[in-house]
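To keep things clear, I will list the structure first and then write my remarks on it.
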Amino acid sequence: MALILQIETSTTVCSVALSENGKCIALKELNERNIHASSITVFIEEVMKIANRKYAELNAVSIAMGPGSYTGLRIGVSTAKGLCYALNIPLIAINTLEMMVEGYLTENKNFDGLVVPMLDARRMEVFAGVWKNATTVIAPTAAVLLDENTFENYLNNQKLVFIGDGAPKFFEVMKHENAKFDFKNYNSAAYLSSLAYQKFNDSKFEDVAYFEPFYLKDFMVTTPKKKL
Numbered sequence: 001m002a003l004i005l006q007i008e009t010s011t012t013v014c015s016v017a018l019s020e021n022g023k024c025i026a027l028k029e030l031n032e033r034n035i036h037a038s039s040i041t042v043f044i045e046e047v048m049k050i051a052n053r054k055y056a057e058l059n060a061v062s063i064a065m066g067p068g069s070y071t072g073l074r075i076g077v078s079t080a081k082g083l084c085y086a087l088n089i090p091l092i093a094i095n096t097l098e099m100m101v102e103g104y105l106t107e108n109k110n111f112d113g114l115v116v117p118m119l120d121a122r123r124m125e126v127f128a129g130v131w132k133n134a135t136t137v138i139a140p141t142a143a144v145l146l147d148e149n150t151f152e153n154y155l156n157n158q159k160l161v162f163i164g165d166g167a168p169k170f171f172e173v174m175k176h177e178n179a180k181f182d183f184k185n186y187n188s189a190a191y192l193s194s195l196a197y198q199k200f201n202d203s204k205f206e207d208v209a210y211f212e213p214f215y216l217k218d219f220m221v222t223t224p225k226k227k228l
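Position one of the sequence shown corresponds to residue 1 (full-length UniProt numbering), numbered consecutively onward.
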């Protein structure tokens with residue numbers, strides 16, 4: 001049995017979930033700016049109460065490790081590490097974009113193209129990657145500058161769906177017929193459930209003392225000769 005507390009603070013969403021054997025059994029989240037510091041411990045208390053579980057029953061803590069908001073990630077990771085220290089349980093880290101892909105495909109099981117999660121950075125910049133599914137990476141997480149040619153080499157051959165809070169600004173410039181957009185929020189700790197459970201079973205844990213969020217700072221400029 002694996003009871004895992006899950007935390008997602010990569011964006012404006014503050015999300016906490018509790019899963020048992022890969023299934024979400026409690027969730028508390030709110031999409032609102034600058035609430036992570038004041039809300040995260042309250043949300044943790046609430047999901048434990050909803051599920052009628054005690055902290056001593058937890059087997060691990062899972063965190064969406066980034067990329068994303070510097071402040072949000074610091075708060076989420078600090079909280080997760082504190083719980084792991086206090087309870088002497090392992091820390092599991094999941095790429096935030098991977099979590100978003102899992103969320104999209106959970107809600108859209110019949111989609112047969114590639115999934116491109118995008119997190120807003122600034123101006124026409126995003127953190128993005130290309131996935132076939134939550135465990136099959138076609139193009140790894142990178143910082144990308146968006147224009148009308150970005151992802152063209154993929155779009156010319158198959159359908160792509162763009163998700164996340166960075167997708168709306170790409171929608172403004174991308175008119176390819178194979179480009180699909182879904183503006184639903186997939187930044188939910190609930191979507192960490194199966195991914196965290198798999199890592200728990202494989203004993204893929206982080207070093208709590210040295211673990212840091214996954215930040216991206218350098219941006220890749222796409223050109224007609226070399227496109228993502």
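Using N, Cα and C, we set each Cβ at its ideal position, and we do this for glycine too. Predicted model, so just to flag it, every value in this text is computed and none were measured.
Taking the CA atoms as reference points, residue 3 sits about 43 Å from residue 147.
Judged by DSSP secondary structure, residue 65 falls outside any beta strand (DSSP E); it is assigned neither H nor E.
The beta carbons of residue 187 and residue 11 sit about 5 Å from each other, so the pair counts as a contact at 8 Å. By the CB criterion at 8 Å, residue 67 and residue 119 fall inside the cutoff. DSSP places residue 117 in the strand class (E or B) of the three-state scheme.
Under the three-state reduction of DSSP, residue 216 is assigned to coil, being neither helix nor strand. The residue among 9, 216, 137 with its C-alpha nearest the C-alpha of residue 32 is 9.
Counting along the chain, residue 80 sits inside no beta strand (DSSP E); it lies in the alpha helix (DSSP H) bounded by residues 70 to 87. Partner residues in the beta bridge of residue 206, as assigned by DSSP, are 91.
Here the alpha carbon of residue 47 sits roughly 26 Å from the alpha carbon of residue 183. For residue 194, the CB contacts under 6 Å within the same chain, skipping 5 residues up- and downstream, are 22 in chain order. The distance from the Cβ of residue 137 to that of residue 117 is about 11 Å, inconsistent with a contact at the 8 Å cut-off. A Cβ-Cβ separation of about 19 Å leaves residue 65 out of contact with residue 41 under the 8 Å criterion.
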